[in-house]
Structure formats: C-alpha cells, structure tokens
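For the sequence shown, numbering that gives the first Met the number 0 assigns the number 0 to the initial residue and increments by one for each residue that follows. Where is the CB? At the ideal position from N, CA and C, for every residue including glycine. Keep in mind the model is a prediction, meaning the values are calculated, not measured. So the structure is just underneath, and the comments pick up after that.
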Amino acid sequence: MRRVFGIGETIYDIIFKDGQPIAGVPGGSVFNGLMTLGKLGVKCTQISEVGSDRVGMIIKETMEKNGVDTRYLSCYEGKKTAISLAFLDHNSNADYSFYKDYPNIRLEFELPQMDSEDIVLFGSYYALNPALRKQVGGFLKHAKESGALLYYDLNFRANHKSEVDSLYDTFHENFCLADIVRGSDEDFSILYGETDIRKIYDEHIKGRCNVLIMTHGAKGVEIIDRDNYYYIPSKRIDNVVSTIGAGDNFNAGIAYSLISESIYRSNLQHLDAEGWNRIATYGIAFATKACQTTNNYIDIDISEIFN
C-alpha cells in the first residue's frame, strides 16, 4: 500500500468572522492535506511538533482518529502548542496572527524507511525556516534518495516577504528536490512579482524541476510539464464559506490522484494532456469541497468527481 509522508507545522486554528470566533480546529498546511487523505483510507504519516498542553493532545488524538500516524510527532514538555487566529473578510479569505512557543532544539527524529512507492508533501515557511533546515532538508534528501515522489507547495505568505533574498538558495534547493512544484498566483506574486507561468517556469523552475502547477482560485489551474502547457478550469462555487484549507486540500487531491492513477516518480514524465486534466480535476474537486466548510479537512465522495 502506498504511503504519504508529510513534514510541516501543526497548529490550532481559531477562525473569526465579524469579530467573533466561529470555529476552532487543528490545522497546518501539510497537516490539513494528510487529514483529508487519512479520512480516505490513505496510509499517512505526519512529521511535526506540538506542545505538551491540552491543545497538543487534542491535535494528536484528532490525527490518530483520522488515520494519521503520529510516531514522528515531537511533543515538547512544558511548551504550548502553536495557535493561529484566522480572520475571515467579506470574501471568506483569511488574514492570520500566529502565537508560538517552541524550544531551542526542535524536530529530532529518526529517518523513516521509505521507497519508490511513497509520496512526500512539504512546503510553507516550514520548508524554508533556517532554524529547521538541517532536519527538514535531511529528511527531504533521504526521501529523494529512497525514490519517493516529492511534492512542494510554496504557500509563501506576505509576512515573510522581507526574507525572500536570504531564502533564495533554499527555494532553489527545494525546487531541485521536488518532482512537482505547486504555488498559487499570490505565492508567485509575493516571491517574484510575477504571475506569468511560462516566465516563472523558464526563469526559476526549468532545470531544477520539470513540473510546475499554478493555481488561480476560481480562475483555474495552469500546468507546465517539460515545456508542455495545460489549462484546467475551476468549478463555480456559489456557497463559499471559507477558503482556509482550499490549497491544502488541492494538494491532497493531487496526492490522491497520483495514487489512484498509479503515478510514481518513474512514470511521471509520461503524463499527457488527458492525464494532467484528470489529476488537476481531483485537486479542484478537493479544493471546491474545502471552500464549502469551515473545517480544514474534508469528507469527499471520490465517485462523484468525474460525474
């Protein structure tokens, strides 16, 4: 059975609308995708960290309840689990405030045994953070050497824009490690001041990674695979509740499609227009479902995706 490993931040999200809290759920970019996959019966493992407080225990129990392996979840004695406050605007998009209490020494774990059937999800600032780069980079290189397929989601927020220059080499290293790079138009605008996928691919991705996926929310998905360009439209959503977790669940949909369509690193290069259309359709369906709930992870009927 194929496995999906994720490495990323685990956090507790409290969601506000009109100044009032409306929901509180465990979250984190990679975490959200793994939770959705776990609900679908995919064998998932999260490499992350929590405090030893009640919130940390809630997160751990939630992961286990939804089929996500917690053996690589570091629990810091005497520390509080990270919290985020997400404030929804009139378009149901979120602005965040974060509260964190990490120890000086973090994320110590033994590298898991991996093979060419495995998929790795990584991204956000967690994949760039200098304080964690030794551990995160070591895991990613181990996964690459083991033959796993690596999927990198930029998910780069504006509050880190001032660090772009200092993180330039780490971005490039992540591009080289990844088999698929995914980012939203907003990510690339923050990072490069540019949203033209062909220009971004030619100047920053080509030669490092063969596949670039750019998502544009309601405006659809663009893909470049070895200079071949594909566009897949999004589905219209009339009842958007929250966009929190939409990108994370798009990633989950792509991971699920790679499993369903029997795509590995070894045959990724054989995907054509029809294949990429099917893969993107999974991602769009998962993201669409996420926009219709305040939950960070979803229940979805796979049989309805292509109906």
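Quick check on DSSP: helix, strand or coil for Ile-253? helix
Leaving out the 5 sequence neighbours to the left and right, which residues in its chain are closer than 8 Å to Ser-368 when beta-carbon positions are compared? Residue 368 cannot be examined here, being either before or after the span of the chain that is shown, 0 to 306.
Can you tell me where the beta strand (DSSP E) holding Tyr-124 begins and where it ends? It is not in any beta strand (DSSP E) - Tyr-124 carries neither H nor E in the DSSP assignment.
How is Tyr-263 classed by DSSP in three states: helix, strand or coil? It is coil, neither helix nor strand.
Suppose you measure from the CA of Gly-137 to the CA of Tyr-150; what does that come to, to the nearest Å? 16 Å
Could you tell me which uninterrupted alpha helix (DSSP H) segments, each at least 4 residues in length, are contained entirely in the segment 153 to 203, listed from first to last along the chain? 163 to 176, 184 to 191, 196 to 199
Note down the Cα distance separating Gln-134 from His-171, rounded to an integer number of angstroms. 17 Å
Out of curiosity, what's the CA-to-CA distance linking Tyr-296 and Leu-36? 9 Å
Neighbourhood of Glu-202 by C-beta distance below 6 Å, restricted to the same chain and skipping five residues each side: none
Apply the 10 Å Cβ neighbour rule to Ala-130 and answer buried if 16 or more other Cβ atoms are within range, or exposed otherwise. Exposed, since its Cβ has fewer than 16 Cβ neighbours within 10 Å.
For Asp-365, which residues of its own chain have a beta-carbon under 8 Å away from its beta-carbon, when the five flanking residues on both sides are left out? One cannot answer for residue 365 here, as it falls past the ends of the chain, which runs 0 to 306.
Report all residues from its chain with a CB closer than 7 Å to the CB of Ala-279; omit the five preceding and five following residues, and keep chain order. Val-220, Ile-222, Ile-231
Residues that Pro-25 bridges to, as DSSP identifies them: Tyr-11
Residue(s) in a DSSP beta bridge with Thr-292: The partner list for Thr-292 (beta bridge, DSSP) is empty, contrary to what the question assumes.
Measure how close the beta-carbons of Leu-87 and Ser-183 come, nearest whole angstrom, since I'm counting them as under 8 Å. Not quite, the Cβ-Cβ distance comes to about 18 Å (not below 8 Å), so this is no contact.
With distances taken Cα to Cα, identify the nearest neighbour of Leu-106 among Asn-158, Gln-45, His-89, Val-67. Selected option, being the one with the closest Cα: Gln-45.
For the beta strand (DSSP E) that contains Leu-139, what are its first and last residues? Where Leu-139 is concerned, there is no enclosing beta strand (DSSP E), although the alpha helix (DSSP H) around it starts and stops at 132 to 144.
Based on the DSSP secondary-structure assignment, which residues constitute the bridge partners of Gln-45? Gly-5
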